[in-house]
Amino acid sequence: MLVVLPGLQAGDAIDTQPELAGRVHVCPLTLYDAAECDSAAFLQEMMLLAEAAGTWRSVRARALLDTHAAHWPARLPPVRIEACGHVFAALPLLYLVMDGGFRCPMCRGGSHGAISLQRAALPWLPPGLWELLCLLCTEARSRTAQAAQAENEAVAREMQAAAPAVRALLFSEVLQELSIRAIFSIYRSGAHGAAAPDSPISVMVLDMQLRPRGAASAAVVFESGTSRHVSRPLRLGGVFAVRIVANAYEQTRILFDSHRVEYPSHARGACGDSPLDVGVPGEGVAGGAGALRMQYAACPFDHLYFMKRVEFTTSPAAVQAVFADF
Ligand SMILES: [Zn+2]
């Protein structure tokens, strides 16, 4: 059953009873089978977390848990984010997106829209459960906002103190701390209705590896080491975006953003024998100046060009600058 949570639009639909063909899906939020999350235990933990965080006490929340939890099914079915297909245990995902906005924790797809914490019951959840989630997440949002402010202040202080140390890091050490990925999104027009502008839906994440550098080369090249057929969703989507992101210390920085790009028209036609190498327009972000190229080769199935490799070229100084920003 497709459900749109209060305050969101159709592009953010979740499937509350997905067909999973009997396979076990490990929930990335719990690292357990997505079908094996104990509802009452999870909410009890969130309640304790909220109460331990400060002065929050909700007689209503406690009453909901005490009155209803025994009647809730021990296991809620997993949910699947319809746009990207990622599967999660229901309550951990709901809690996450009700606190921080709707986006997929795996691929970051989704509108990032705020879910309305109105307490009117949702028919697909057992009685009392949505109201309890709303109460818990109202508290969680204020706690998140406070934590973000405190963290910003702490990071600013640390950066001032640590800046010389970061600069002194060897470049090879910096690279070991960073993981680089290419995230592709398609713009699916109509996903949010005719009136609203279409928004990107992440369809593909590629890990990028550092190409060994020759002694003569000053450039740093990250490449997708795969020969996987990467472009079919893009070709179907027509308009796409690719972002190169760096992860370190559980944080993410965007190094390059193509914004909206048309799938190249010359790559749609029947292919010749030689691969195509196409530059992708876009801008470096957060000091991560660089250039992105796509390599297209013949698709064995329909003899059209498909995107086969991604190359991101940048400089040691740009990587250092981004790293210092973490
Ligand atoms: Zn996803």
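Just so we're aligned: the sequence shown equals residues 1 to 326 in this note's numbering.
Every residue gets a Cβ at the ideal spot worked out from N, C-alpha and C, and that includes glycine.
Quick caveat: nothing in here was measured; it's all calculated off a predicted structure.
Contact annotation: V322 and S224 have beta-carbon atoms that are not nearer than 8 Å.
As a beta-bridge residue in DSSP terms, M294 pairs with V278, V310.
The Cβ atoms of P6 and S185 do not sit closer than 8 Å to each other. Burial of E131 is indicated by the presence of at least 16 other C-beta atoms within 10 angstroms of its C-beta. At least one heavy atom of ligand 1 lies less than 7 Å from the C-beta of I81. In this structure, P123 lies away from H68, with their beta-carbon atoms at least 8 Å apart. Around the beta carbon of H86, 16 or more other beta carbons lie within 10 angstroms, which makes this residue buried. Under the three-pair Cβ rule at 8 Å, the region 57-77 counts as touching the region 132-150. The three-state reading of DSSP puts L255 in strand, counting E and B together. Between T314 and the set I244, T30, Y249, the nearest pair of CA atoms involves I244.
Residue pairing by DSSP places V261 opposite F240 in a beta bridge. Rounded to the nearest whole angstrom, the C-alpha separation of V24 and A35 is 8 Å.
In terms of side-chain proximity, the C-beta atom of H112 is found no nearer than 7 Å to any non-hydrogen atom of ligand 1.
The Cβ atoms of L136 and M47 sit closer than 8 Å to each other. Here the C-alpha atom of P73 lies approximately 30 Å from the C-alpha atom of G109. Of the residues assessed, E153 falls on the exposed side of the cut-off, its CB having fewer than 16 other CB atoms within 10 angstroms.
Cβ contact annotation for V285 (same chain, cutoff 8 Å, sequence separation greater than five): R253, I254, L255, F256, D257, in chain order. For D12 and V79, the gap between their C-alpha atoms comes out near 12 Å. Runs of the beta strand (DSSP E) lying entirely within the region 18-89, each at least 3 residues long, are 79-81 in chain order. DSSP places S142 in the helix class (H, G or I) of the three-state scheme. Here the alpha carbons of D15 and C84 stand approximately 11 Å from one another. Under the DSSP assignment, A321 falls in the alpha helix (DSSP H) whose first and last residues are 316-324.
In the structure shown, L210 falls within a strand segment according to DSSP collapsed to helix, strand and coil. When beta bridges are read from the DSSP output, R181 appears opposite D207, V245. Look at C37: its beta carbon is at least 7 Å from all of the heavy atoms in ligand 1. Within the DSSP bridge table, the entry for F222 names L210, F312 as partners. Under DSSP, L2 shares a beta bridge with D15. The three-state reading of DSSP puts G284 in strand, counting E and B together. Under the DSSP definition of a beta bridge, Y305 partners with A298. The residue from A61, L210, T55 with its alpha-carbon nearest to that of R143 is T55. L122 carries a coil assignment under DSSP once its states are collapsed to helix, strand and coil. Under the three-state reduction of DSSP, P92 is assigned to helix. Nearest C-alpha to Q251 among A297, M1, I180: I180.
Taking the C-beta atoms as reference points, E82 is found no nearer than 8 Å to L20.
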